[in-house]
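In the working numbering, the protein residues as written are 181 to 507. For each residue, glycine too, the CB sits at the ideal point set by N, CA and C. All values derive from a computational prediction rather than experimental measurement.
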Ligand SMILES: CC(C)(COP(=O)(O)OP(=O)(O)OC[C@H]1O[C@@H](n2cnc3c(N)ncnc32)[C@H](O)[C@@H]1OP(=O)(O)O)[C@@H](O)C(=O)NCCC(=O)NCCS
């Protein structure tokens, strides 16, 4: 698979983690610069998978050095493209890394779209600005959804908000027993929602449980913070009707990985209260800002975040492909 004179694209499973270290370090710098995100925990996890030779994907090789990679993970009949990154060539500049990334993506898409067991492919390349790889996904038949990376600067000190006892609701910090009721809430809150097209885990309780386990147990999006994360419980039924989940993504930044409210309890200020509660706890932990991501089509949530002082600092694309049944 030769590309131009000196770049080769090879199966990622041939490479030990140490060979990718310079690429992951360069990528870590960009995560820090662009998103204030400490990429080292994710990089360590990735390196374990690389050393186990378990990660499906491709590496770009130039002058016997690995200069880029792309990988995916499988969840039943779905493949999720986790990341693509190439180090810019010092002589040729940023355009060179873009074309290597496109080549890597093209190889992975060809592999996935020609694997009959793969029914669905999802991708959210958070680091890459919206539009940067859209053409390659669109050409392969993907639907693109623009997403916003929003940031609120914490100005603390704040007081933790309370919930009125007369509301019939109770507010408390997250505990692991909340996993199952939280999964039921997510499936209900995202019914017919644009985010359920982007991430099909939101469409069922089982899928939402998977999403939650990844965030809470496996540090799938930063280091989960049970102190920041809270649930609102309906006293009569003991069901969770609102929740916010937070993780630390760097010493300066907290990240909201989930906020949702049951349809029966909307427009009563619960999400606003949960956001200021998370802001309070992130401030107590020493963070100076909070980030979150939101789909451009989710106008209500964007209104809420803007009203709370979040600003859009970056945009990126979510891409989704579904295999059509053959006639
Ligand atoms: C977005 C969501 C969390 C808002 O929860 P909520 O408890 O109803 O929000 P609040 O009552 O605290 O609303 C606060 C403000 O947000 C904005 N807002 C919330 N829902 C809105 C709607 N349906 N239409 C317009 N503005 C809305 C308003 O500015 C509102 O202030 P106001 O009621 O004083 O006008 C909720 O609709 C939800 O769970 N949606 C599905 C999941 C989701 O999209 N989560 C966010 C993913 S990034």
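Contacting residues, own chain, Cβ-Cβ under 6 angstroms from residue i (five flanking each side not counted)
| i | result |
| --- | --- |
| residue 473 | 327, 329 |
| residue 438 | 425 |
| residue 507 | For residue 507, the predicted model reports a pLDDT of 49, less than 50, meaning its position is unreliable and no value from the coordinates is stated. |
| residue 396 | 404 |
| residue 486 | none |
| residue 233 | 193 |
| residue 429 | 217, 402, 435 |
| residue 204 | 223 |
Residue i CB to nearest heavy atom of ligand 1 below 7 angstroms
| i | result |
| --- | --- |
| residue 334 | no |
| residue 410 | no |
| residue 439 | yes |
| residue 498 | no |
| residue 490 | no |
| residue 418 | no |
| residue 191 | no |
| residue 216 | no |
| residue 375 | yes |
| residue 481 | yes |
| residue 478 | yes |
Candidates the options: closest to residue i by CA position
| i | options | result |
| --- | --- | --- |
| residue 267 | 430, 210, 414 | 210 |
| residue 401 | 217, 189, 213 | 217 |
| residue 295 | 203, 224, 256, 485 | 256 |
| residue 201 | 213, 224, 324 | 224 |
| residue 416 | 343, 350, 213, 492 | 350 |
| residue 325 | 371, 312, 475, 300 | 475 |
| residue 495 | 195, 214, 220, 205 | 214 |
| residue 431 | 423, 467, 398, 447 | 467 |
| residue 259 | 290, 269, 265 | 290 |
| residue 489 | 383, 413, 478, 333 | 333 |
Residues near residue i in its chain [Cβ-Cβ closer than 8 angstroms; skip 5 each side]
| i | result |
| --- | --- |
| residue 192 | 230, 235, 236, 237, 238, 239, 249, 250, 251 |
| residue 243 | 186 |
| residue 182 | Model confidence at residue 182 stands at a pLDDT of 44, short of 50, so the residue's coordinates are unreliable; what they give is reported in the following sentence. Answer for residue 182: 188, listed in chain order. |
Buried versus exposed call for residue i [16 or more other C-beta atoms within 10 Å across all chains shown]
| i | result |
| --- | --- |
| residue 207 | buried |
| residue 336 | exposed |
| residue 198 | exposed |
| residue 147 | With the chain represented from 181 up to 507, any question about residue 147 goes unanswered, as that position is not in the structure. |
| residue 491 | exposed |
| residue 171 | No statement about residue 171 is possible, as the shown extent of the chain runs from 181 to 507 and does not include it. |
Bridge-paired residues (DSSP) for residue i
| i | result |
| --- | --- |
| residue 240 | 189, 248 |
| residue 227 | In DSSP, residue 227 forms no bridge with anything. |
| residue 211 | Residue 211 pairs with nothing; no bridge assigned. |
Cβ shell of residue i (< 7 angstroms), same chain only, five flanking positions each side left out
| i | result |
| --- | --- |
| residue 399 | 221 |
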